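Peer 1: Just dropping this structure here.
2 protein chains.
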Amino acid sequence: MQLLYSYQQLFSFSKNIFLKIGCSEANAETAAKVLLSADLRGVDSHGIARLSGYTRLWEVNRINANPNISIVHETPSTATVDGDKGLGLVVAPAAMQIAINKAKNVGTGWVSVKNSNHFGIAGIHAMMALDHDMIGIAMTNASPLVAPTFSVERLLGTNPIAVAIPAGGEAPFVADFATTTAANGKLEILLRKNLDTPSGWVQTKNGEPSNSAAEVRNGGALLPLGGDKEHGSHKGYMLGSIVDIFSAILSGANYGPWVPPFPAYVPMPENMPGEGIGHFFGVMRIDAFRPATDFKEHMDNWIQRFRSAKTITVHQQVIIPGEPETAMENERMINGIPLVGPVVNDLKELGNKFSVAFQ
Amino acid sequence: MQLLYSYQQLFSFSKNIFLKIGCSEANAETAAKVLLSADLRGVDSHGIARLSGYTRLWEVNRINANPNISIVHETPSTATVDGDKGLGLVVAPAAMQIAINKAKNVGTGWVSVKNSNHFGIAGIHAMMALDHDMIGIAMTNASPLVAPTFSVERLLGTNPIAVAIPAGGEAPFVADFATTTAANGKLEILLRKNLDTPSGWVQTKNGEPSNSAAEVRNGGALLPLGGDKEHGSHKGYMLGSIVDIFSAILSGANYGPWVPPFPAYVPMPENMPGEGIGHFFGVMRIDAFRPATDFKEHMDNWIQRFRSAKTITVHQQVIIPGEPETAMENERMINGIPLVGPVVNDLKELGNKFSVAFQ
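Take a look at the structure:
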């Protein structure tokens, strides 16, 4: 069963919860906006469903509600940022703003972040660049659920990559994807419906192919994009590795099997080599390469050509990355955001705990 | 049947052919070195087997042997380069050098290139950064052989991405992969052996799943990494699209279905929106983020942890990207480079045409 809630209602609730754990007014607003952008864009696993998870991290002192987000190393086009254990939802926009400012000065800006936490959906951070006629890139590492090709051990997170590119009359191109065959949120949906996964999504804890949506809970692993070697999983493994290295080895965060888990009850890994989780952001000014009007004219042409491609069936056209999410955002802003029963119950409990009404 | 040829022998032959079409001494050396790096690293489809193809492009006036490679737009961290119809084998190293110089000055360098041609393997260009303690990134678009998810039309090339990352005592991490399930060269090998492809590599000209290695020759298409939507092909499609946009829409090259074909006998697309094919290069100085010694120590730790992962079988350890290619390079430099009969015959004919002996 699903109930519909207005964006404003969920935004106010989330913001009030962030205020209760001690965030400043500005940080609570930013955190609520970033968190809710996932619900608006249809990535329900990364939105308000995670709100109580963030508060539990705060309870075990793994999140600092008032971080001093600072640049610890920089050049004209780069910075390394210490997130000071802040909410990733707040650290990431601050780091993107640094990248945007550097791009204004020297054409591009590249920021690697340590000592952060889960930052919500990658796409919303990449999209910060769009208003400035800039291309935005965002990626993050995450706790290990993914087995590299040939491995039974889980050594990588779902390590998403997002790239947002401005267009002219057309909506921007926004790609945002986990570097696995399927994101963990997709497994959770199948598990709730008691359905099997397609092949190539997961393996057992011994590395055997599996179709069980419960496999990751049972010690198995998600698989890199491609599924197995024959279908290119070494490419998904390489992509996830690049995200890990850019996010954490450049910055000094934890990497590979040492990335801290999101659930507060899961023990931290031993012998951690860095601080917190890592992100990586990039911003490129369009007019650092060519006039923005020329670029946008050709982006529109690209989008229109791909959208009008001859397709396998008349019922399904080629999808321009970002279009379904933008359509969903517009629809949910008007009609409301659907929440499933367990999430509603969780939010009511959370409201009771912090004395914030959830209607 | 395969014959072994020494690197030096094939290098001299290639260099002499490039001299015969009018390249300068320096450009002929660079082109031969880049071309042969594919043979050394085991990417036989992109090496000396393509030498006669380059000369045929020169014969139809699609390659300028003496290009004036120039910066047409720039900022401190970016440049747009006009390759002046030069060999991609020569244009790419020139563009990477510009990126390296910019990284020396402001921390990173990002170069988009138009009006170029096929540049060999992406990895060798990315690797130029390694000697400077920098991370190198190289990508290129290519003529359309790939159908986006749901499309029957071929709108993208195999659009590879390469990322080279320095390590300390360990060999560098070098990822270099087409954004399709399998590169076209893999199909050619199966075709030669009269073998079928695995599922998810190709589709027929009507968009039906197929296992025929001849499908692309028959008007069918290669598939984006993932194979089909259920297995994440929209992610491969997004990756290929990002490569296309960074390489060609930022620079003013041709994109999507308009990218010129490599075979000189294939007619050029109509209504081309840009100039030549496009590449994109990035360079990041490690010490623009943290001291290089710290970074390398953690890269070594990352590599050792992944290499020693518990694996599914004892016969196959987790592969560190770049290690098999480095091993093959060392082996072939000593024992020679194997060439199949048809390639040997093609090179003999080429030698006859240009009066360069091929023993």
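Same order as they appear, the protein sequences are chains A and B.
In case it helps, the numbering used here puts the first sequence at residues -19 to 339.
In case it helps, the numbering used here puts the second sequence at residues -19 to 339.
Ideal Cβ placement from N, Cα and C applies to all residues, glycine included.
Since we're looking at a predicted model, the values are computed, not measured.
(1) Report the neighbours of residue 218/B on chain A: residues whose CB is nearer than 7 Å to its CB, in chain order.
(2) Helix, strand or coil, according to DSSP, for residue 295/A in the structure here?
(3) Looking at residue 29/A and residue 3/A, is the spacing between their C-beta atoms short of 8 Å?
(4) With 16 other CB atoms within 10 Å as the buried threshold, where does residue 211/B fall?
(5) Can you name the residues that DSSP bridges to residue -17/B?
(6) DSSP three-state label for residue 114/A, please.
(7) Going by C-alpha distance, which of 15/A, -18/A, 195/A and 7/A is nearest residue -12/A?
(8) Could you check how far apart the C-beta atoms of residue 219/A and residue 159/A are, in whole angstroms? I think they sit under 8 Å.
(9) Tell me, please, whether the CB atom of residue 55/A is closer than 8 Å to any CB atom in chain B?
(10) Which of helix, strand or coil does DSSP assign to residue 79/B?
(11) Smallest Cα separation from residue 54/B: which of 97/B, 167/B, 90/B and 74/B?
(12) With distances taken between CB atoms, is the gap from residue 40/B to residue 63/B smaller than 8 Å?
(13) Pairs of beta-carbons, one from the segment 148 to 158 of chain A and one from the segment 97 to 111 of chain A, closer than 8 Å: are there three or more?
(14) Rank 74/A, 76/A, 82/A and 43/A by C-alpha distance to the C-alpha of residue 65/A and give the top, closest one.
(15) The alpha helix (DSSP H) that contains residue 281/A, what's its start and end?
(16) Report all residues from its chain with a CB closer than 6 Å to the CB of residue 260/B; omit the five preceding and five following residues, and keep chain order.
(17) If we define contact as Cβ-Cβ less than 8 Å, is residue 128/A a contact residue for chain B?
(18) In chain order, what residues of the same chain lie with their CB nearer than 6 Å to the CB of residue 241/A, ignoring the 5 residues before and after it?
(19) Going along chain A, which residues have a C-beta under 8 Å from residue 21/B?
(20) Closest by CA to residue 284/A, which one among 73/B, 236/B, 177/B and 50/B?
(21) Assuming residue 194/B contacts residue 175/B (C-beta within less than 8 Å), just tell me the rounded distance between them.
(22) What number of angstroms, rounded off, separates the C-alpha of residue 164/B from the C-alpha of residue 325/B?
(23) Select from 151/A, 121/A, 145/A and 316/A the residue whose C-alpha is nearest the C-alpha of residue 233/A.
(24) On the criterion of 16 or more Cβ atoms from any shown chain inside 10 Å, does residue 315/B qualify as buried, or is it exposed?
(25) By a C-beta neighbour count over all protein chains shown, 10 Å radius and 16 as the cutoff for buried, is residue 186/A buried or exposed?
(26) The alpha helix (DSSP H) that contains residue 264/B, what's its start and end?
(27) I need the straight-line Cα distance from residue 308/B to residue 300/B, nearest angstrom please.
(28) Using a Cβ cut-off of 8 Å (strictly closer), state whether residue 167/B contacts chain A.
(29) Within 8 Å (strictly less), CB to CB, does residue 189/A reach chain B?
(30) For residue 200/A, I'd like the list of residues in its chain whose CB is within less than 7 Å of its CB, leaving aside the five on either flank, ordered along the chain.
(31) If I measure Cβ to Cβ from residue 98/A and keep anything under 6 Å in the same chain, skipping five residues before and after, which residues do I get?
(32) Terminal residues of the continuous beta strand (DSSP E) containing residue 51/B?
(33) Considering only residues of the same chain and omitting the five flanking positions on each side of residue 60/B, which have a CB-CB separation below 6 Å?
(34) So with Cβ pairs under 8 Å, would you call residue 285/B a contact of chain A?
(35) Nearest to residue 18/B by CA position, among 7/B, 8/B and -9/B, is which residue?
(36) Can you name the residues of chain A whose CB is closer than 7 Å to the CB of residue 296/B?
Peer 2: Put simply:
(1) Position 238 of the second sequence holds residue 218/B. Those within 7 Å of residue 218/B in chain A are 155, 157 and 301.
(2) Here residue 295/A refers to the residue found at position 315 when the first sequence is read from its first residue. The answer is coil: DSSP assigns residue 295/A none of H, G, I, E or B.
(3) For this step, residue 3/A is matched to residue 23 along the first sequence. For this step, residue 29/A is matched to residue 49 along the first sequence. Contact: no.
(4) The sequence position of residue 211/B within the second sequence is 231, counting from 1. The residue is buried, with at least 16 neighbouring Cβ atoms inside 10 Å.
(5) For this step, residue -17/B is matched to residue 3 along the second sequence. In the DSSP output, where bridge partners are listed per residue, residue -17/B has 319/B.
(6) For the purposes of this step, residue 114/A is taken as the residue at position 134 of the first sequence. Residue 114/A: strand per DSSP, three-state reduction.
(7) Walking along the first sequence from the start, residue -12/A turns up at place 8. Of 15/A, -18/A, 195/A and 7/A, the residue nearest in Cα terms is 15/A.
(8) Indexing the first sequence from 1 puts residue 219/A at position 239. Indexing the first sequence from 1 puts residue 159/A at position 179. Right, the Cβ-Cβ distance comes to about 4 Å (below 8 Å), so this counts as a contact.
(9) Counting from 1 along the first sequence, the entry for residue 55/A is found at position 75. By this cut-off, residue 55/A is an interface position.
(10) Counting from one through the second sequence, the residue named residue 79/B turns up at place 99. In the structure shown, residue 79/B sits in a helix (DSSP, three-state: H, G or I).
(11) By 1-based counting over the second sequence, the position of residue 54/B is 74. It is 90/B.
(12) The residue given as residue 40/B occupies position 60 in the second sequence. The residue given as residue 63/B occupies position 83 in the second sequence. Cβ distance not < 8 Å, so residue 40/B and residue 63/B don't count as in contact.
(13) yes
(14) For this step, residue 65/A is matched to residue 85 along the first sequence. Checked all of 74/A, 76/A, 82/A and 43/A; the closest Cα to residue 65/A is 43/A.
(15) Against the first sequence, residue 281/A aligns to sequence position 301. Run containing residue 281/A: 272 to 287, per the alpha helix (DSSP H) assignment.
(16) Within the second sequence, residue 260/B is the residue found at index 280, counting from 1. Only 92, 119, 226 and 227 meet the Cβ criterion.
(17) Locating residue 128/A in the first sequence gives position 148, counting from the first residue. Yes, residue 128/A counts as interfacial toward chain B.
(18) As a position in the first sequence, residue 241/A is number 261, starting the count at 1. Excluding residues within five positions, the ones whose Cβ falls inside 6 Å are 123.
(19) As a position in the second sequence, residue 21/B is number 41, starting the count at 1. Under the 8 Å cutoff, chain A gives no residues; its nearest Cβ is about 15 Å from residue 21/B.
(20) Taking the first residue of the first sequence as 1, we reach residue 284/A at position 304. Nearest option by C-alpha distance: 236/B.
(21) Along the second sequence, read from residue 1 onward, the residue named residue 194/B stands at position 214. Along the second sequence, read from residue 1 onward, the residue named residue 175/B stands at position 195. Going by Cβ atoms, the distance from residue 194/B to residue 175/B rounds to 11 Å, so no, they are not a contact pair.
(22) One-based indexing of the second sequence puts residue 164/B at position 184. One-based indexing of the second sequence puts residue 325/B at position 345. Going by the C-alpha atoms only, they are around 22 Å apart.
(23) As a position in the first sequence, residue 233/A is number 253, starting the count at 1. Checking every option, the nearest Cα to that of residue 233/A belongs to 121/A.
(24) Taking the second sequence and counting its residues from 1, one reaches residue 315/B at position 335. That one is exposed.
(25) Counting from one through the first sequence, the residue named residue 186/A turns up at place 206. Label assigned to residue 186/A: exposed.
(26) As a working note, residue 264/B is residue 284 in the second sequence. Note, residue 264/B: premise wrong, no alpha helix (DSSP H); beta strand (DSSP E) at 257 to 265.
(27) The residue labelled residue 308/B in the question sits at position 328 within the second sequence. The residue labelled residue 300/B in the question sits at position 320 within the second sequence. Rounded to the nearest angstrom, the two C-alpha atoms are 14 Å apart.
(28) Residue 167/B sits at position 187 when you count from the first residue of the second sequence. No, because no Cβ of chain A sits closer than 8 Å to the Cβ of residue 167/B.
(29) Locating residue 189/A in the first sequence gives position 209, where the first residue counts as 1. Chain B, which has no Cβ nearer than 8 Å to the Cβ of residue 189/A, makes this no.
(30) In the first sequence, residue 200/A corresponds to position 220, counting from 1. Correct list, in chain order: 182, 183, 184, 185 and 190.
(31) The residue given as residue 98/A occupies position 118 in the first sequence. 68 and 242, listed in sequence order.
(32) Translated into positions along the second sequence, residue 51/B becomes position 71. First-last of the beta strand (DSSP E) with residue 51/B: 50 to 55.
(33) Locating residue 60/B in the second sequence gives position 80, where the first residue counts as 1. If we look at residue 60/B and ignore the five residues flanking it on each side, its Cβ neighbours are 52, 53, 92 and 231.
(34) In the second sequence, counting from the first residue as 1, residue 285/B sits at position 305. Residue 285/B counts as touching chain A.
(35) The sequence position of residue 18/B within the second sequence is 38, counting from 1. Nearest C-alpha to residue 18/B: -9/B.
(36) The count along the second sequence starts at 1 and reaches residue 296/B at position 316. The contacting residues are 130.
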